[in-house]
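To keep things clear, I will list the structure first and then write my remarks on it.
2 protein chains.
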Amino acid sequence: MPGLDPAATDRSVLGMGEAEGARKPARDRILDTAAELFYREGIRAVGIDTIIAHSGVAKMSLYRNFASKEELVCAYLERNLVQHAAWWDRGDRPSPRRSAGADEGAVHRARPLDRPSEFQGCPFTTAAAELRDPANPARMLALAHKRMVRDRLHALAVAAGADEPDRLCAQLQLLMEGAYASGRALDLGPGNEAVASAAAALIDAACGKGRA
Amino acid sequence: MPGLDPAATDRSVLGMGEAEGARKPARDRILDTAAELFYREGIRAVGIDTIIAHSGVAKMSLYRNFASKEELVCAYLERNLVQHAAWWDRGDRPSPRRSAGADEGAVHRARPLDRPSEFQGCPFTTAAAELRDPANPARMLALAHKRMVRDRLHALAVAAGADEPDRLCAQLQLLMEGAYASGRALDLGPGNEAVASAAAALIDAACGKGRA
DNA sequence: GCGATGGTAGAGACAGGTCTGTATCATTGT
DNA sequence: ACAATGATACAGACCTGTCTCTACCATCGC
């Protein structure tokens, strides 16, 4: 019975420190192609055969690396999740003090995968819109991403000194989801000025500048 | 199964003051079933056979009333569009003067099809997420809905006396889209308190109460 | 050096299922 | 009897996932 976990372990055992050869491994090519197609065309709209054709990989190579399409979708979302978390962590956070600019900058930063030509919104939100089954692992990954973002926003709201961090956090996440959805469905671009100004207004209000 | 649907016999009993009310039951049953299934399960996830089974209608009856599934999807969205427009028009608009409560109420109202048990967000946004082809008529309908909402919000922003109606309009629509998306993807319910408070803060800021 | 071996990958056929849409027959109400 | 509808079979396309066959390349035994 050949490998349960395909590439990673086998290559580390067999690799022998060899030069990373001519082209990327099949698994990487599959995942890159799938990520682009899933994001641009939609998960349900992209079939296995399309991924095969675009990545120049044999179908059996795909199914040796991913047990099913669902698992490939999960790998796509997991990679996005990791990338988004890393991007968030390394972000040039501008001194999260009692300054509105902190959270405003965070909300401004909250636009990964931002190809201006082919912006399709948040990949997790669209995945959740396409996959409604609550038991679907990909959907659960999407919801996990939302919780991660909420936790980070909440920490920033606390750091910014909001009177009610829960409320500000919820408001900013509403705004972020709205920016994603509007970038895809409306004609406003993702980096709309309204996002920044709304975030500033909400932060001002939450930090007592506007009311108390 | 003839006894499943009471509408079949109602057709002849109910005279219906309208002209061609007698022809509609089959078509209406199809459309009602399709609307519920499309909204709850997603458009791509629901096949013609499923609609047939749930509405108790023969397949040919469906294809006699709708030339294709795409046309049925368009009819579903068109009906939602009309309903949404009517709901918006008849809404108990609280005297759209220079009061923040006006737009706040509007944003609050902007949650149609709000079944608390099975909230799935904005049917137009999810349809646009599922159907990516820009030439798809259903997608164009979804975008038309967004424009309609924006126009109404803009009129309300003007009526509320915002300093920059365009900005406030964009901000409120961001908020609305965010509320829809969050109701579906996050655990916050659609009628979250954050929506109302954020709308109030944005309106206050736009009408000069918070800054100038 | 040289062939054998084993793991990886490409190409394509194929099976089984689902989807849309059409055609045909049966039923029912009037 | 007639028209509308239900029931069903079917065609063709597509999708997922399996299978076989072949090629390549690195290592291992000799």
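Line by line, the protein sequences are chains A and B. Residue 68 in our numbering is what sits at position 50 of the first sequence, and the numbering runs on without skipping anything. Residue 178 in our numbering is what sits at position 160 of the second sequence, and the numbering runs on without skipping anything. Using N, Cα and C, we set each Cβ at its ideal position, and we do this for glycine too. A quick note: this is a predicted structure, and the numbers were derived from the prediction, not measured.
{"Query": "Taking A/GLU96 and B/GLY60 to be in contact with their CB atoms under 8 Å, please state how far apart those CB atoms are, rounded to whole angstroms.", "Result": "Not a contact, Cβ separation roughly 22 Å."}
{"Query": "Can you say whether B/VAL213 is buried or exposed, counting buried as having 16 or more other CB atoms within 10 angstroms of its CB?", "Result": "buried"}
{"Query": "Please name the residues in the stretch 165 to 177 of chain B whose beta-carbon is closer than 7 Å to at least one beta-carbon of chain A, in chain order.", "Result": "none"}
{"Query": "Going by CA-CA distance only, name the one from B/ARG185, B/LEU161, B/ALA160 and B/MET158 that's closest to B/LEU171.", "Result": "B/ARG185"}
{"Query": "By the criterion of Cβ-Cβ separation under 7 Å, what are the contact partners of A/ALA212 in chain B?", "Result": "ARG185, ALA188, GLN189 and LEU192"}
{"Query": "Can you look up B/CYS92 in the DSSP assignment and give me helix, strand or coil?", "Result": "helix"}
{"Query": "Does chain A have any CB closer than 8 Å to the CB of B/GLU59?", "Result": "yes"}
{"Query": "With distances taken from CA atoms, which of A/PRO183, A/ALA63 and A/LEU220 is nearest A/VAL91?", "Result": "A/ALA63"}
{"Query": "Any idea what DSSP makes of B/ASN83, helix, strand or coil?", "Result": "helix"}
{"Query": "Judging by CA-CA distance, which residue of A/ALA224, A/ALA216, A/ALA197 and A/ASN210 is the nearest neighbour of A/ALA177?", "Result": "A/ALA224"}
{"Query": "Tell me which same chain residues have a C-beta within less than 8 Å of the C-beta of A/ALA216, skipping the five on either side of it?", "Result": "LEU193"}
{"Query": "Between the Cα of B/LEU55 and the Cα atoms of B/ILE69, B/ALA76, B/SER79 and B/ALA104, which residue gives the shortest distance?", "Result": "B/ILE69"}
{"Query": "Mapping DSSP to helix, strand and coil, what is B/GLU233?", "Result": "An answer regarding residue 233 of chain B cannot be provided, because it is not within the stretch 19 to 230 covered by chain B."}
{"Query": "Using only CA atoms, which one of B/ASP151, B/ALA160, B/MET78 and B/ARG58 lies nearest to B/ALA93?", "Result": "B/ALA160"}
{"Query": "Name the two residues that bound the continuous alpha helix (DSSP H) containing B/GLU211.", "Result": "211 to 224"}
{"Query": "For B/SER200 versus A/GLU195, is the C-beta spacing smaller than 8 Å?", "Result": "yes"}
{"Query": "Would you check if the distance between the CB atom of A/ILE48 and the CB atom of A/ASN83 is smaller than 8 Å?", "Result": "yes"}
{"Query": "So A/CYS140 packs on A/ARG168, CB below 8 Å; how close in whole Å?", "Result": "Not really, about 13 Å apart at Cβ, beyond 8 Å."}
{"Query": "Which residues bound the alpha helix (DSSP H) around A/PRO152?", "Result": "Note, A/PRO152: premise wrong, no alpha helix (DSSP H); not H, not E."}
{"Query": "For B/GLY86, decide whether its Cβ has a neighbour in chain A, counting only Cβ atoms nearer than 8 Å.", "Result": "With the sequence shown as reference, residue 86 of chain B is identified as Ser, and Gly is not the correct amino acid for it. Cβ-Cβ to chain A under 8 Å: no for B/SER86."}
{"Query": "Below 7 Å on C-beta distance, what does A/ALA63 contact in chain B?", "Result": "ARG150"}
{"Query": "Could you tell me the alpha carbon to alpha carbon distance between A/LEU80 and A/PRO155, rounded to whole angstroms?", "Result": "19 Å"}
{"Query": "Could you give the distance in angstroms between the alpha-carbon of A/ALA88 and the alpha-carbon of B/ARG108?", "Result": "Looking at the sequence itself, residue 88 of chain A is Glu, so the reference to Ala does not match. A/GLU88 and B/ARG108: Cα-Cα distance of roughly 45 Å."}
{"Query": "With a CB to CB cut of under 7 Å and the five nearest residues on each side skipped, what residues in its chain are close to A/ALA52?", "Result": "ILE69, LEU90 and TYR94"}
{"Query": "If we ignore side chains and look at the alpha-carbon of each, how far apart do A/ALA153 and B/GLU136 end up?", "Result": "16 Å"}
{"Query": "To the nearest angstrom, how far is it from the Cα of A/ASP222 to the Cα of B/GLN191?", "Result": "20 Å"}
{"Query": "Give me the residue from A/TYR57, A/ARG45 and A/PRO43 with the minimum Cα distance to A/THR144.", "Result": "A/TYR57"}
{"Query": "Starting from the Cα of B/ALA173, find the closest Cα among B/VAL100, B/MET78 and B/TRP106 and give me that residue.", "Result": "B/TRP106"}
{"Query": "Pick from B/ASP67, B/PHE142, B/GLY74 and B/HIS163: whose alpha carbon is nearest that of B/ALA44?", "Result": "B/GLY74"}
{"Query": "Run through DSSP, which three-state label would A/ARG47 get?", "Result": "helix"}
{"Query": "Give a yes or no on whether 8 Å exceeds the smallest Cβ distance from A/THR51 to chain B.", "Result": "no"}
{"Query": "Below 8 Å CB to CB, which residues in the same chain sit around A/LYS77 once its five sequence neighbours on both sides are set aside?", "Result": "ILE66, ASP67 and ILE70"}
{"Query": "Give me the chain B residues within the contact set of A/ALA197, using Cβ-Cβ distance strictly less than 7 Å, ordered along the chain.", "Result": "LEU192"}
{"Query": "Just verifying my parser: in three-state terms, what is the DSSP assignment at B/ILE70?", "Result": "helix"}
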